[in-house]
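Enquirer: So the number in our numbering is just where the residue sits in the sequence shown, counting from 1, plus 97.
Please find one structure pasted underneath; my questions will follow.
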Amino acid sequence: MSKQDAETASRSPAQAPPLPLRAAAGLASAAAAIGVGHLLASIIEPAASPLLAVGSVLIDAAPTPVKEAAIRSLGTNDKPVLIISVAVVLAVIAGLFGSLAWSSRLVALAGIGGLGGLGALAAGYRLGLGGILPSLAAAVVGIAALAFLSRTPRRADASPPGALSRRGLLVGAAAVAAAGAVAGGVGLALDRAGQTARRILRLPTPVSSAPPIPKGAQLPGMTPFVTPPADFYRVDISLVTPSVEVEGWTLTIDGMVDQPLVLSYDDLLQLPLIERDITLTCVSNEVGGPYVSTARWLGVPFSELIERVGVRPGVEQVFSYSLDSGYTCSTPYGAVSDGRDAMIVVGMNGEPLPDARGFPARMLVPGLFGFVSATKWLKRIEFTTYAARTAYWTSRKWAVDAPVLTQSRIDVPSSLGTITADQPRIAGVAWAQHRGIAGVEIKIDDGPWQEADLAADAGSDLWRQWSFQYDGPAGRHSAQVRATDRTGTVQPEARTRVFPSGATGWHLIQFEKV
Ligand SMILES: Nc1nc2c(c(=O)[nH]1)N[C@H]1C(S)=C(S)[C@@H](COP(=O)(O)O)O[C@H]1N2
Ligand SMILES: [Mo]
Numbered sequence: 098m099s100k101q102d103a104e105t106a107s108r109s110p111a112q113a114p115p116l117p118l119r120a121a122a123g124l125a126s127a128a129a130a131i132g133v134g135h136l137l138a139s140i141i142e143p144a145a146s147p148l149l150a151v152g153s154v155l156i157d158a159a160p161t162p163v164k165e166a167a168i169r170s171l172g173t174n175d176k177p178v179l180i181i182s183v184a185v186v187l188a189v190i191a192g193l194f195g196s197l198a199w200s201s202r203l204v205a206l207a208g209i210g211g212l213g214g215l216g217a218l219a220a221g222y223r224l225g226l227g228g229i230l231p232s233l234a235a236a237v238v239g240i241a242a243l244a245f246l247s248r249t250p251r252r253a254d255a256s257p258p259g260a261l262s263r264r265g266l267l268v269g270a271a272a273v274a275a276a277g278a279v280a281g282g283v284g285l286a287l288d289r290a291g292q293t294a295r296r297i298l299r300l301p302t303p304v305s306s307a308p309p310i311p312k313g314a315q316l317p318g319m320t321p322f323v324t325p326p327a328d329f330y331r332v333d334i335s336l337v338t339p340s341v342e343v344e345g346w347t348l349t350i351d352g353m354v355d356q357p358l359v360l361s362y363d364d365l366l367q368l369p370l371i372e373r374d375i376t377l378t379c380v381s382n383e384v385g386g387p388y389v390s391t392a393r394w395l396g397v398p399f400s401e402l403i404e405r406v407g408v409r410p411g412v413e414q415v416f417s418y419s420l421d422s423g424y425t426c427s428t429p430y431g432a433v434s435d436g437r438d439a440m441i442v443v444g445m446n447g448e449p450l451p452d453a454r455g456f457p458a459r460m461l462v463p464g465l466f467g468f469v470s471a472t473k474w475l476k477r478i479e480f481t482t483y484a485a486r487t488a489y490w491t492s493r494k495w496a497v498d499a500p501v502l503t504q505s506r507i508d509v510p511s512s513l514g515t516i517t518a519d520q521p522r523i524a525g526v527a528w529a530q531h532r533g534i535a536g537v538e539i540k541i542d543d544g545p546w547q548e549a550d551l552a553a554d555a556g557s558d559l560w561r562q563w564s565f566q567y568d569g570p571a572g573r574h575s576a577q578v579r580a581t582d583r584t585g586t587v588q589p590e591a592r593t594r595v596f597p598s599g600a601t602g603w604h605l606i607q608f609e610k611v
């Protein structure tokens, strides 16, 4: 080799790696950042995990129509979808910064750091100063990782000993991403361990048991009258299911009262408990939708608390505070003081409340939609006026007073399903909690309204099953249903959206008789 040749070889210009490699470096750096951020958060405060913090702020900020659409089209899956969307956007931006890291290094590093800064802002906004640490750590890790992967010669004509070859870059990026995955995985495992370390608690026996559900309330082959726990609908704004320790947990009951109370979990369990079967419904339930479920609840009746604290005249609303997400809820005082089974719930279907249902305690008020009655992860109940306090959904313009609307749904056959000539049955549920169902009617095609057969009545706070024998001709048909409640109100035909006080209209299905 001539001297000339040797010089050319050693002077091989330090080129930037190809685009896919540069983008991969950005992605790997972001993965390491997110992983470390999640691990730290799982130790300090699960909701402070950078992706979750950003997702939570998006939930809060989302305009009502967007939230409605999300609940409608995604149901209980709306949270994973949200997190994945945030992650995809992050991945694209991180890839972009990675691709810039060789040409505009400072911009790229500042950009990666800025993403962490966004997480810190979101976490700080939601959780206060304590929440920003995981995202700050993520920012530092992201910058360091990208700086390491994109080390380049200072002068274009000298390849410094530290610069990575393409192969080295690939290996380095994989190692950085793997480190992030391990950190994130450990974080997820810690999250899970925290949730499964659930206390084995024994609940006291109620002073008043639930009246037995009449045998005939459950029609054969129909939707379960008591909803299997896994099928009970779930709606809340919490991205991370709170896992509350009973040690140190208290429930404060105060406001316009003579004798404010602070109850520990044990204090609460020592009060007289009642057990009731109650159907809960979400205001976001579309006509024919699934956000209506039934369980057996165990709790302290509101009447008991009202007496103990001595509620003063002039109280208009019960304002409840959740431990989680700054969620608050406004319940009309009349609905907890008129003798119905409004309660502070500690048990569901014979067990302590599951975490997702608001452990250690939640509210329940038969006859009201969940967003004005069913606060989970309860920490405080304040008796107050409407002028003094505005609840989470109220400030987002949902209805202040939101009784459950009289509704009915066809469950059998399913939409576009079939019935047979020897089992020509149409069946479903109807509900008008605290008023009760007086009748259900069916309309086949353009025919007249015909009375359906009502199953046994289990009580006005519960839904009621019904069935209808279809004796008409075979072929394709439509069926519509409408219910009448015990006040005589017939379910109206007009279709309204769920905002601001619940959907109205008749459920209609197409079916075929064969
Ligand atoms: N802390 C808290 N409680 C909450 C909510 C929430 O977002 N946060 N959502 C309410 C709504 S809108 C409904 S419909 C019920 C649903 O209760 P579930 O998830 O047990 O079915 O919880 C209510 N309680
Ligand atoms: Mo709801």
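Even glycine gets a Cβ: it sits at the ideal position worked out from N, Cα and C.
Assuming L366 and L300 make a contact with CB atoms under 8 Å, what is their CB distance in whole Å?
Expert: The residue labelled residue 366 in the question sits at position 269 within the sequence shown. The residue labelled residue 300 in the question sits at position 203 within the sequence shown. Confirmed, about 7 Å.
Enquirer: Can you tell me the Cα-Cα spacing of V354 and V408, whole angstroms?
Expert: For the purposes of this step, residue 354 is identified with residue 257 of the sequence shown, where counting begins at 1. For the purposes of this step, residue 408 is identified with residue 311 of the sequence shown, where counting begins at 1. About 4 Å.
Enquirer: Taking 6 Å as the limit between beta carbons, can you name the residues of its chain near G265, skipping five residues before and five after?
Expert: Reading the sequence shown from its first residue, position 168 is the one you call residue 265. Hits under 6 Å: none found.
Enquirer: Pull up the distance between the alpha-carbon of L287 and that of I131, whole angstroms please.
Expert: Walking along the sequence shown from the start, residue 287 turns up at place 190. Walking along the sequence shown from the start, residue 131 turns up at place 34. So the alpha carbons of these two residues sit roughly 15 Å apart.
Enquirer: Going by DSSP in three states, L316 sits in which element: helix, strand or coil?
Expert: As a working mapping, residue 316 is identified with position 219 in the sequence shown. Three-state DSSP puts L316 in coil, outside helix and strand.
Enquirer: With 16 other CB atoms within 10 Å as the buried threshold, where does Q547 fall?
Expert: Position 450 of the sequence shown, counted from the start, is the residue given in the question as residue 547. So Q547 ends up on the exposed side.
Enquirer: Look at A184 and G386 and say whether their C-beta atoms are less than 9 Å apart.
Expert: For the purposes of this step, residue 184 is taken as residue 87 along the sequence shown, with counting starting at 1. For the purposes of this step, residue 386 is taken as residue 289 along the sequence shown, with counting starting at 1. Not in contact: A184 and G386 (Cβ atoms no closer than 9 Å).
Enquirer: Please list the segments of the alpha helix (DSSP H) lying wholly inside the region 377-452, counting only runs of 4 or more residues, in order along the chain.
Expert: Entirely contained in the region 377-452, the alpha helix (DSSP H) runs reaching 4 residues are, in chain order, 399-406, 430-434.
Enquirer: Would you report the Cα separation of L193 and R331, rounded to the nearest angstrom?
Expert: What you label residue 193 is simply residue 96 of the sequence shown in a count that begins at 1. What you label residue 331 is simply residue 234 of the sequence shown in a count that begins at 1. Going by the C-alpha atoms only, they are around 37 Å apart.
Enquirer: Please state whether DSSP places R264 in a helix, a strand or coil.
Expert: On the sequence shown, residue 264 is found 167 positions in, with the first residue counted as 1. The answer is helix: DSSP assigns R264 an H, G or I state.
Enquirer: Among M445, S126, L475, which residue has its Cα nearest to the Cα of S361?
Expert: Here residue 361 is taken as the residue at index 264 of the sequence shown, counted from 1. Looking at the Cα atoms, L475 is the closest of the given residues.
Enquirer: Helix or strand or just coil, what does DSSP make of R454?
Expert: Locating residue 454 in the sequence shown gives position 357, where the first residue counts as 1. R454: helix per DSSP, three-state reduction.
Enquirer: Under 6 Å Cβ to Cβ from I240, same chain only, skipping five residues before and after it: list those, please.
Expert: Counted from its first residue, the sequence shown places residue 240 at position 143. Around I240: L206, I209, G210.
Enquirer: Counting pairs of beta carbons, one from the region 502-515 and one from the region 580-590, are three or more of them closer than 8 Å?
Expert: Result yes; three or more Cβ-Cβ pairs closer than 8 Å.
Enquirer: On the criterion of 16 or more Cβ atoms from any shown chain inside 10 Å, does L116 qualify as buried, or is it exposed?
Expert: Here residue 116 corresponds to residue number 19 of the sequence shown, with the count starting at 1. So L116 ends up on the exposed side.
Enquirer: Just grab the DSSP bridge partners of S505 for me.
Expert: Within the sequence shown, numbered from 1, the residue matching residue 505 stands at position 408. Partner(s): A527.
Enquirer: Within the region 535-584, note down every full beta strand (DSSP E) run reaching 3 residues or more, in order along the chain.
Expert: Taking only runs of at least 3 residues, the beta strand (DSSP E) segments lying wholly in the region 535-584 are 546-548, 561-566, 572-582.
Enquirer: Along the chain, where does the beta strand (DSSP E) containing F194 start, and where does it finish?
Expert: Numbered from its first residue, the sequence shown carries residue 194 at position 97. It is not in any beta strand (DSSP E) - F194 instead sits in the alpha helix (DSSP H) that spans 175-197.
Enquirer: Can we say the region 319-329 touches the region 143-159, given the rule of at least three CB pairs closer than 8 Å?
Expert: No, because fewer than three Cβ pairs between the region 319-329 and the region 143-159 fall closer than 8 Å, the two stretches do not touch.
Enquirer: Could you check whether the Cβ of T349 sits closer than 8 Å to any heavy atom belonging to ligand 1?
Expert: Along the sequence shown, one-based indexing puts residue 349 at 252. No; taking the cut-off as 8 Å, the Cβ of T349 has no heavy atom of ligand 1 nearer than that.
Enquirer: I want to check one thing, is the minimum distance from the CB of K473 to the heavy atoms of ligand 1 below 8 Å?
Expert: Counted from its first residue, the sequence shown places residue 473 at position 376. Answer for K473: yes, Cβ within range of ligand 1.
Enquirer: Which residues mark the beginning and the end of the beta strand (DSSP E) in which Q607 is found?
Expert: For the purposes of this step, residue 607 is taken as the residue at position 510 of the sequence shown. Per DSSP, Q607 belongs to the beta strand (DSSP E) from 604-610.
Enquirer: My guess is that V442 and W394 are in contact by the Cβ rule of under 8 Å, so how many angstroms apart are they, rounded?
Expert: Stepping through the sequence shown from its first residue, residue 442 is reached at position 345. Stepping through the sequence shown from its first residue, residue 394 is reached at position 297. Sure, about 5 Å apart at Cβ, within 8 Å.
Enquirer: Where do the ends of the alpha helix (DSSP H) carrying G533 lie?
Expert: As a working note, residue 533 is residue 436 in the sequence shown. Note, G533: premise wrong, no alpha helix (DSSP H); not H, not E.
Enquirer: Mapping the DSSP letters down to three states, classify R373 as helix, strand or coil.
Expert: Here residue 373 corresponds to residue number 276 of the sequence shown, with the count starting at 1. Note: R373 maps to strand in three-state DSSP.
Enquirer: So I141 is in the beta strand (DSSP E); what residue range does that whole segment cover?
Expert: The residue given as residue 141 occupies position 44 in the sequence shown. No beta strand (DSSP E) holds I141; the alpha helix (DSSP H) holding it covers 116-141.
Enquirer: Cβ of G386 versus every heavy atom of ligand 2: is any distance shorter than 8 Å?
Expert: Indexing the sequence shown from 1 puts residue 386 at position 289. Checking every heavy atom of ligand 2 against the Cβ of G386, none is found closer than 8 Å.
Enquirer: Could you tell me the alpha carbon to alpha carbon distance between A527 and G225, rounded to whole angstroms?
Expert: As a position in the sequence shown, residue 527 is number 430, starting the count at 1. As a position in the sequence shown, residue 225 is number 128, starting the count at 1. In a straight line, the C-alpha of A527 is about 45 Å away from that of G225.
Enquirer: With V359 as the anchor, note down where its alpha helix (DSSP H) starts and where it stops.
Expert: For the purposes of this step, residue 359 is identified with residue 262 of the sequence shown, where counting begins at 1. Taken as a continuous stretch (DSSP letters only), V359 belongs to no alpha helix (DSSP H), being part of the beta strand (DSSP E) at 358-361.
Enquirer: Reducing DSSP to helix, strand and coil, say where F480 ends up.
Expert: As a working note, residue 480 is residue 383 in the sequence shown. It is a strand residue.
Enquirer: Which same chain residues, not among the five before or five after F456, have their C-beta less than 7 Å away from its C-beta?
Expert: For the purposes of this step, residue 456 is identified with residue 359 of the sequence shown, where counting begins at 1. Excluding positions up to five away in sequence, the list reads V341, P449, L450.
Enquirer: Could you check if R223 belongs to the surroundings of ligand 1, using beta carbon to heavy atom distance under 8 Å?
Expert: What you label residue 223 is simply residue 126 of the sequence shown in a count that begins at 1. Result no, Cβ not under 8 Å from ligand 1.
Enquirer: Taking only heavy atoms of ligand 1 into account, decide whether any of them is closer than 8 Å to the Cβ of V332.
Expert: For this step, residue 332 is matched to residue 235 along the sequence shown. Yes, Cβ of V332 sits closer than 8 Å to a heavy atom of ligand 1.
Enquirer: Would you kindly report the start and end of the unbroken beta strand (DSSP E) that includes D351?
Expert: In the sequence shown, the residue the question calls residue 351 occupies position 254. 347-352 is the extent of the beta strand (DSSP E) around D351.
Enquirer: Where do the ends of the alpha helix (DSSP H) carrying R202 lie?
Expert: One-based indexing of the sequence shown puts residue 202 at position 105. It spans 202-224 - the alpha helix (DSSP H) in which R202 sits, taken as one unbroken run.
Enquirer: For my contact list, L136 and G313 are in at a C-beta cut-off of 8 Å; report their separation, rounded to the angstrom.
Expert: Here the question's residue 136 lines up with position 39 in the sequence shown. Here the question's residue 313 lines up with position 216 in the sequence shown. L136 to G313, Cβ: 55 Å. No contact.
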